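There are 2 protein chains.
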Amino acid sequence: MPVEIERKFLVRGDGWRADVEEETRILQGYLADGPRATVRARIKGDLAYLTIKGATSGISRSEYEYRIPVEDAEAMLREMAISSVIEKVRYHVRVGSHLWDLDVFAGENQGLVMAEIELDAEDADFQRPDWAGEEVSDDPRYFNAALAKHPYSGW
Amino acid sequence: MPVEIERKFLVRGDGWRADVEEETRILQGYLADGPRATVRARIKGDLAYLTIKGATSGISRSEYEYRIPVEDAEAMLREMAISSVIEKVRYHVRVGSHLWDLDVFAGENQGLVMAEIELDAEDADFQRPDWAGEEVSDDPRYFNAALAKHPYSGW
Chain A
1 MPVEIERKFL VRGDGWRADV EEETRILQGY LADGPRATVR ARIKGDLAYL
51 TIKGATSGIS RSEYEYRIPV EDAEAMLREM AISSVIEKVR YHVRVGSHLW
101 DLDVFAGENQ GLVMAEIELD AEDADFQRPD WAGEEVSDDP RYFNAALAKH
151 PYSGW
Chain B
1 MPVEIERKFL VRGDGWRADV EEETRILQGY LADGPRATVR ARIKGDLAYL
51 TIKGATSGIS RSEYEYRIPV EDAEAMLREM AISSVIEKVR YHVRVGSHLW
101 DLDVFAGENQ GLVMAEIELD AEDADFQRPD WAGEEVSDDP RYFNAALAKH
151 PYSGW
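Protein chains in written order, with the UniProt record's numbering: chain A, 1 to 155; chain B, 1 to 155.
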């Protein structure tokens, strides 16, 4: 099975803006979080999705995702979200041969800017730009689910 | 606002079979039942749906329904149902000017056969056929949600 390593860093300053290749607005929140399934609505740019994830069983977890109208997703997030809605703009930033995801949060996580890089192995080499500050890969406060329940503005 | 009255009866015998106009297999179950939304998967004949219903607020309740592949609905009902999956065949049966819905349950509600008629008013006239036995309109054990939690076979 392919291993996917994500390393996450807090971002310092605006030095990354010159290398942005793409930006996408993301809005997502959970509508239900039951014993056997979680349900998430997500708006990504002009597209919206409803995602049903099964409970983890061993290493596999079923996931079903459907395109839905953006206005449905907006209404559901407004009416049915059970935790904070995560709002962010995601920027794709090229650094050497790697594409970083840079998330500038808004709403209740305003002030948080986080960069993420996907690597093939834990010890894979990569160029670490000046704007990549403190590493927070293992800090559970920065997980998406945690930011929805305990947003950055309340820390 | 239009009022919709549903009256429900237990069914005696097979006398209704001669008047069946249509039959549809229905399989449905809840995947999540949270404080702000419930999520249901439903297979009706060759079609399947995912339905997200908001919590009741006053008289209105948001509802979003999406067509999904039948095989997705089958897998979700198998892997994620939080209560019994309701299995039934629904027959449309013509009696005079009214169309009745006759549900022959299977699975954990095997043995239950229930007929339902929709009327415009509580005192609306209708022809009650011989096979319509005891009225159970107000018996909460026969509600869909109750049959999922406490199926007929366990009474």
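Glycine included, every Cβ here is placed at the ideal spot set by N, Cα and C. Quick caveat, the model's predicted, so the values are computed rather than measured.
Inter-residue Cα distance where the pair is residue i and residue j
{"i": "A:Ile68", "j": "B:Tyr49", "result": "13 Å"}
{"i": "B:Met1", "j": "A:Val136", "result": "Confidence in B:Met1 is poor, its pLDDT being 48 and thus under 50, which makes the residue's placement unreliable; the coordinate value appears in the next sentence. So the two alpha carbons sit approximately 55 Å from each other."}
{"i": "B:Gly45", "j": "B:Tyr66", "result": "15 Å"}
{"i": "A:Glu116", "j": "A:Val95", "result": "12 Å"}
{"i": "residue 157 of chain B", "j": "B:Gly54", "result": "Residue 157 of chain B lies beyond the residue range present for chain B, which begins at 1 and ends at 155; the question has no answer from this structure."}
{"i": "B:Ala73", "j": "A:Glu63", "result": "12 Å"}
{"i": "B:Asp120", "j": "A:Ser153", "result": "53 Å"}
{"i": "A:Lys149", "j": "B:Leu77", "result": "28 Å"}
{"i": "B:Arg17", "j": "B:Asp123", "result": "27 Å"}
{"i": "A:Arg36", "j": "B:Ala75", "result": "13 Å"}
{"i": "B:Glu134", "j": "A:Asn144", "result": "53 Å"}
{"i": "B:Arg61", "j": "A:Val93", "result": "43 Å"}
{"i": "A:Asp125", "j": "A:Glu79", "result": "45 Å"}
{"i": "B:Ile5", "j": "A:Thr38", "result": "35 Å"}
{"i": "B:Gly34", "j": "B:Ile82", "result": "11 Å"}
Beta-carbon neighbours of residue i, restricted to chain B and to distances below 9 Å
{"i": "A:Glu79", "result": "Arg36, Ala37, Gly54, Ala55, Ser57, Ser62"}
{"i": "A:Tyr152", "result": "Residues of chain B passing the Cβ test: none, with the nearest at roughly 23 Å."}
Residues near residue i by beta carbon distance below 6 Å, same chain, minus five either side
{"i": "A:Tyr91", "result": "Val20, Glu23, Leu102"}
{"i": "B:Ala132", "result": "Phe9, Ala115"}
{"i": "A:Ile26", "result": "Lys44, Lys88, Arg90"}
{"i": "A:Arg7", "result": "Ile117, Ser137"}
{"i": "A:Gly13", "result": "Trp131"}
{"i": "A:Arg42", "result": "Gln28, Tyr49"}
{"i": "A:Thr51", "result": "Arg40, Glu65"}
{"i": "A:Trp100", "result": "Val93, Ala115, Ile117"}
Buried versus exposed, by CB contacts within 10 Å (16 or more), residue i
{"i": "B:Arg40", "result": "buried"}
{"i": "B:Gly29", "result": "buried"}
{"i": "A:Trp155", "result": "exposed"}
{"i": "A:Glu108", "result": "buried"}
{"i": "A:Val11", "result": "buried"}
{"i": "B:Ala32", "result": "buried"}
Cβ-based neighbour list, residue i, same chain, cut-off 7 Å, excluding 5 preceding and 5 following
{"i": "B:Ala106", "result": "Glu87, Lys88"}
{"i": "A:Pro151", "result": "Ser84, Glu108, Asn109"}
{"i": "A:Leu112", "result": "Phe105, Tyr152"}
Other residues of its chain near residue i: CB distance less than 8 Å, five sequence neighbours each side excluded
{"i": "B:Gly15", "result": "Pro129, Asp130, Trp131"}
{"i": "B:Pro140", "result": "Ala146"}
{"i": "A:Leu47", "result": "Arg67, Val70"}
Contacts of residue i in chain A (Cβ-Cβ under 9 Å)
{"i": "B:Ala32", "result": "Leu31, Ala32, Asp33, Gly34, Pro35, Arg36, Ala37, Thr38, Val39, Ile52"}
Beta-carbon neighbours of residue i, restricted to chain B and to distances below 8 Å
{"i": "residue 208 of chain A", "result": "The displayed coordinates of chain A run from 1 to 155. Any statement about residue 208 of chain A would go beyond what the structure contains."}
{"i": "A:Ala145", "result": "Within chain B, no residue comes near A:Ala145; the closest Cβ sits about 15 Å away, beyond 8 Å."}
Under 8 Å by beta carbon: chain D residues contacting residue i
{"i": "A:Ile43", "result": "Given the protein chain composition of this structure (A and B), no chain D is represented."}
Interface partners of residue i on chain A, CB under 7 Å
{"i": "B:Met76", "result": "Ile52, Tyr64"}
Neighbouring residues, chain A, relative to residue i (Cβ below 8 Å)
{"i": "B:Asp72", "result": "Tyr64"}
Practice item. Could you pull out every unbroken beta strand (DSSP E) segment of at least 3 residues lying fully inside the UniProt domain "CYTH" (2-149) of chain A, listed in chain order? Key: Listed in chain order, the complete beta strand (DSSP E) runs (minimum 3 residues) inside the UniProt domain "CYTH" (2-149) of chain A are 5-11, 20-33, 37-44, 47-54, 63-68, 86-95, 98-106, 113-119, 132-135.
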